[in-house]
Each structure stands twice: as structure tokens, then as C-alpha cells.
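Trainee: When we follow our numbering, the leftmost residue of the sequence shown carries the number 57, and every step to the right adds one. Beta carbons: idealized from backbone N, C-alpha and C, even for Gly. Given the structure is predicted, the values throughout are model-derived calculations rather than measurements. So that we are looking at the same thing, I have put the structure below in C-alpha cells.
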Amino acid sequence: MLMPYLAVYLSGTVALASWGVGLVLGLRNFSQQGMYLVGGTITDRFGYRAPIIAGCALRVLGFALLGVVTSLPALIIASAATGFAGALFLPAVRIGLAEAAGPRRLEAFALSNVCNRTGILVGPLIGLALTGIDFRLTCLVSASVFAILTAVQIRALPVQQTSRQGGHLLHDLREVLGNRRLIRFALVMTGVYVLSFQIYLALPLETTHRAGGTVMITVLFATTGVMAIVGQLRLVRFCRRHLGEVRSLAVGALILALAFLPLALPVGSTSPWRFAPLLASAVLLGLGTMVAFPFEMDAVVALADDRLVATHYGLSSTITGVGILAGNLFTGTILNLAWSARMSAVPWLGLTLLGLICTLGMGNFRSIRQREKTSS
Numbered sequence: 057m058l059m060p061y062l063a064v065y066l067s068g069t070v071a072l073a074s075w076g077v078g079l080v081l082g083l084r085n086f087s088q089q090g091m092y093l094v095g096g097t098i099t100d101r102f103g104y105r106a107p108i109i110a111g112c113a114l115r116v117l118g119f120a121l122l123g124v125v126t127s128l129p130a131l132i133i134a135s136a137a138t139g140f141a142g143a144l145f146l147p148a149v150r151i152g153l154a155e156a157a158g159p160r161r162l163e164a165f166a167l168s169n170v171c172n173r174t175g176i177l178v179g180p181l182i183g184l185a186l187t188g189i190d191f192r193l194t195c196l197v198s199a200s201v202f203a204i205l206t207a208v209q210i211r212a213l214p215v216q217q218t219s220r221q222g223g224h225l226l227h228d229l230r231e232v233l234g235n236r237r238l239i240r241f242a243l244v245m246t247g248v249y250v251l252s253f254q255i256y257l258a259l260p261l262e263t264t265h266r267a268g269g270t271v272m273i274t275v276l277f278a279t280t281g282v283m284a285i286v287g288q289l290r291l292v293r294f295c296r297r298h299l300g301e302v303r304s305l306a307v308g309a310l311i312l313a314l315a316f317l318p319l320a321l322p323v324g325s326t327s328p329w330r331f332a333p334l335l336a337s338a339v340l341l342g343l344g345t346m347v348a349f350p351f352e353m354d355a356v357v358a359l360a361d362d363r364l365v366a367t368h369y370g371l372s373s374t375i376t377g378v379g380i381l382a383g384n385l386f387t388g389t390i391l392n393l394a395w396s397a398r399m400s401a402v403p404w405l406g407l408t409l410l411g412l413i414c415t416l417g418m419g420n421f422r423s424i425r426q427r428e429k430t431s432s
């Protein structure tokens, strides 16, 4: 509801430079993915109920602040609060899914992505109507939604026993940090996350640069939402049957790499086809995300050997969070420079190159896994 229009609001109404927009969005994402290690450790030790409730409550505060502050430091605090909220409840939600689904966890993660994309489809439509009145209204309504969710979770989630698994905290952290396979995998996935995140940063900024409004942004998000609702489960089953886990991850990275090539094509500002590259890019970004991310979630569980899964997930997301922060700062800065220098193709070609490197890296990860399995 809120995220698709945040970049436009920050660059327009608040008048932040592109690097400032990238900083706010990047810190928001880092405070979420970069703090997953904290949320994952809490989940492994105390169960999923407490972090889910605390995360929902913190989102209420963060969204409300975004609706009332305009200075860069205050926006960073508000944005970071919404991100850290996700760091609390998302590992708990995903570990709960993995435990409940058992051997069918891949399908459960795919279904979770369908629900997420349903929100991406419905949320921007509601957000468009609210933002048409005032973006601050969108923030306050979002805060109200999470206030309701907080109350529902308090009532619905079962009270759990504490200390679910794990020994001494430092011993557990050393065990997780010593998982070299997971760290290698997370480093490769960092680039994949940077590419996928551009649907929230680079694509809205480029859409505004070309179209000058929020309607086209809504169309792009709605398109990716419909794709996931209609095809996510079928696509995951097809990829698992015909490609396997690692090849599916590599194919997902390759599709994300190709998603930026349409934006590098020269299209006149008055051409009737000027929106076609935006739509093509959104479709490919959505498709690549649909292919890669359910397998990424399942791979982390497998790499953790079903022990301290939430903490392993937190470490992986901390690594990718640092990369997304750096990637967003770089992308926002390069976009601004490219527009000024009339070299608009450069950022998109750079993102494509990053995707190709990730595709090759995933192939290398496959051989590393095979060697380590053999050696063990």
C-alpha cells in the first residue's frame, strides 16, 4: 500500500535527491534484512509468537511516523523502524511455515509468495486512491492496518514454551557463522536481492521520470501481483520437476538480469511505446522473483541442516541487507548522474551485468555444494 509510492513521495513532495531516496530505502531494507540475525535468534530461543506481535506493533509506530515527519534524519528513523519490525516478525513467520509444512515447505513458501503478491496487487490500488488524496493518509491507514493485525495476533497465536532450541548464545552464533556454504550462498543471493529490490527503487523512479505520475507505477505492481497469484505455484512445481533447486536459482537470477535490458533501449518521450520497456521490465522482475525466491527460502533451511534455522536465515539476510544498502545507494546516485549526462542506458546495463555475475556465481555454488557433500 505504501512502499510503491514512497520513493516518489520522497523525491517529489519531500524533495530529496536520488541519493537521499536510495539512503532512506536502503536503510529501511538494511534495518530489516540486516537485523534478521536478531529476529532469528529471538525466534529460535523464544518461539514465533512474541516477535510476530512485537514486529506488528513496531510497524504501527514506523508507518505513523512516515506520515508526519519530513526531515531526512526523522525519515531514516521512521523507515528503519518499519524495517526492524520486519526483522522481528518475518523470520518467525517463515520458520512457523517451515515447521508446519514439513517436507512440503517449498510449496508453503511458494504459497506465502502468492499471499505476498496478492498484497502487492491489492495494496497499490488502495494506496493509489489514498495517495491521490495525500500520501500521509496512506501512511496512517497502513499504521491502522498493522494495529488491527497486532490485536489479531495477540488473540490468535498460541502461547509457546520458551527456549525452543539452541545452547549458549555465543556458541550458537559461532556455529552459524562457521557455516561456509550458507555464507557463500548469501553472498551470491545479495546480488539477486539488489536486482529484485529495484522494483521498489529504480523502476518507480524511472517510471516517474518517463510518465510523471503514479498511475503507471500502480499498473506495474498490479501486473506482478497478478502474475504471482495466477502462476506462482505452477511455476515452482515446474521448476522443481525440470530444473531442480540450484538451476532454478540460476535461472531466476538470469531473468532478473535480463529485466533491465528493455529500459536501456532508446525510446522517445512522446513515443506511444515509451511505456512498453517499463512493463517488460516489471514482468521480468516479477518472473525472476517468482522463480528464485521460494527456492532461496528452501535452500537456507537445507543449508542449516534443520538446526537453528531462524538464526541461519538471519545471518543470510544480514549479509544480503548490507549488499542491498550499498546497491541502493549506488543505483540511486548513478540514476541521477545518468539522467543529467543523458546516458540513461548505463545504470540498466550495469544491473544486467550484476545479474549475469550472480547467475555464474550460482553455478559455482552448485559445484561447491557437490564437493562439500562428497568430502563429508
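Count the other CB atoms within 10 Å of the CB of Arg-330; is the residue buried (16 or more) or exposed (fewer)?
Mentor: Within the sequence shown, the letter at position 274 stands for residue 330. Exposed, because fewer than 16 other Cβ atoms sit within 10 Å of the Cβ of Arg-330.
Trainee: Report yes if the C-beta distance between Gly-377 and Phe-86 is below 8 angstroms; otherwise report no.
Mentor: On the sequence shown, residue 377 is found 321 positions in, with the first residue counted as 1. On the sequence shown, residue 86 is found 30 positions in, with the first residue counted as 1. Against a cut-off of 8 angstroms, the Cβ pair of Phe-86 and Gly-377 comes out as a contact.
Trainee: So is Ala-212 buried or exposed if we call it buried at 16+ other beta carbons inside 10 Å?
Mentor: Locating residue 212 in the sequence shown gives position 156, counting from the first residue. Result: exposed.
Trainee: Quick check: the Cα distance between Ile-98 and Leu-81, rounded to an integer number of angstroms?
Mentor: Against the sequence shown, residue 98 aligns to sequence position 42. Against the sequence shown, residue 81 aligns to sequence position 25. Cα to Cα, the separation comes out at about 25 angstroms.
Trainee: Ignore the nearest five residues each way along the sequence and tell me which others in Glu-428's own chain have a CB closer than 7 angstroms to its CB.
Mentor: Your numbering for residue 428 matches position 372 in the sequence shown. Bear in mind that the predicted position of Glu-428 carries a pLDDT of just 44, short of 50, making it unreliable; the figure below should be weighed with that in mind. Correct list, in chain order: Arg-237.
Trainee: In its own chain, which residues sit with a C-beta less than 6 angstroms from the C-beta of Trp-75, not counting the 5 before and 5 after it?
Mentor: Here residue 75 corresponds to residue number 19 of the sequence shown, with the count starting at 1. Gly-388 and Thr-389, listed in sequence order.
Trainee: Just the Cα atoms here: how many angstroms apart are Pro-107 and Val-149?
Mentor: Here residue 107 is taken as the residue at index 51 of the sequence shown, counted from 1. Here residue 149 is taken as the residue at index 93 of the sequence shown, counted from 1. Spanning the two alpha carbons is a distance of roughly 9 angstroms.
Trainee: Taking DSSP as the reference, what is the three-state secondary structure of Met-91?
Mentor: Working through the sequence shown from its first residue, we reach residue 91 at position 35. It is coil, neither helix nor strand.
Trainee: Here's the rule: buried if 16 or more other CB atoms are within 10 angstroms of the residue's CB, otherwise exposed. What is Leu-321?
Mentor: The residue labelled residue 321 in the question sits at position 265 within the sequence shown. That one is exposed.
Trainee: Could you check if Ser-127 is buried or exposed, using at least 16 other CB atoms within 10 Å of its CB as the buried criterion?
Mentor: The residue you call residue 127 lines up with position 71 of the sequence shown. Ser-127 comes out exposed.
Trainee: Please classify Asp-100 as buried or exposed, where buried requires at least 16 other C-beta atoms within 10 Å of its C-beta.
Mentor: On the sequence shown, residue 100 is found 44 positions in, with the first residue counted as 1. By the 10 Å Cβ count, Asp-100 comes out buried.
Trainee: I think Leu-291 touches Val-347, with their Cβ atoms under 8 angstroms apart; what is that distance to the nearest whole Å?
Mentor: Walking along the sequence shown from the start, residue 291 turns up at place 235. Walking along the sequence shown from the start, residue 347 turns up at place 291. That pair is a contact at about 6 angstroms.
Trainee: Check whether the stretch 310-320 touches the stretch 330-343, taking contact to mean three or more Cβ pairs, one atom from each stretch, closer than 8 angstroms.
Mentor: Flag = yes, the stretch 310-320 and the stretch 330-343 touch.
Trainee: Report the rounded CA-to-CA distance for Ser-67 versus Gly-78, giving the unit in angstroms.
Mentor: Counting from one through the sequence shown, the residue named residue 67 turns up at place 11. Counting from one through the sequence shown, the residue named residue 78 turns up at place 22. Distance between the alpha carbons of Ser-67 and Gly-78: 10 angstroms.
Trainee: Mapping DSSP to helix, strand and coil, what is Thr-442?
Mentor: The requested residue 442 does not occur in the structure, where the chain is confined to residues 57 to 432.
Trainee: Using 8 angstroms for Cβ pairs, my map puts Phe-102 next to Cys-195. What's the rounded Cβ distance?
Mentor: Locating residue 102 in the sequence shown gives position 46, counting from the first residue. Locating residue 195 in the sequence shown gives position 139, counting from the first residue. That belief does not hold up - the Cβ atoms of Phe-102 and Cys-195 are roughly 30 angstroms apart, past 8 angstroms.
Trainee: Can you look up Phe-331 in the DSSP assignment and give me helix, strand or coil?
Mentor: In the sequence shown, counting from the first residue as 1, residue 331 sits at position 275. If DSSP states are grouped into helix, strand and coil, Phe-331 belongs with coil.
Trainee: Grouping DSSP H, G and I as helix and E and B as strand, with all else coil, what is Ala-366?
Mentor: For the purposes of this step, residue 366 is taken as the residue at position 310 of the sequence shown. Correct three-state label for Ala-366: helix.
Trainee: When the distance is taken between beta carbons, is Gln-88 closer than 8 angstroms to Thr-374?
Mentor: Mapped onto the sequence shown, residue 374 falls at position 318. Mapped onto the sequence shown, residue 88 falls at position 32. Their beta carbons are not under 8 angstroms apart, which means Thr-374 does not touch Gln-88 by this criterion.
Trainee: Whole angstroms are fine: how far does the CA of Ile-311 sit from the CA of Leu-243?
Mentor: To locate residue 243, count along the sequence shown from 1; it is residue 187. To locate residue 311, count along the sequence shown from 1; it is residue 255. Those two C-alpha atoms are separated by around 19 angstroms.
Trainee: Does the distance between the C-beta of Tyr-256 and the nearest non-hydrogen atom of the ligand ZN fall short of 7 angstroms?
Mentor: The ligand content of the structure shown is nil, which means the ligand ZN is not present either.
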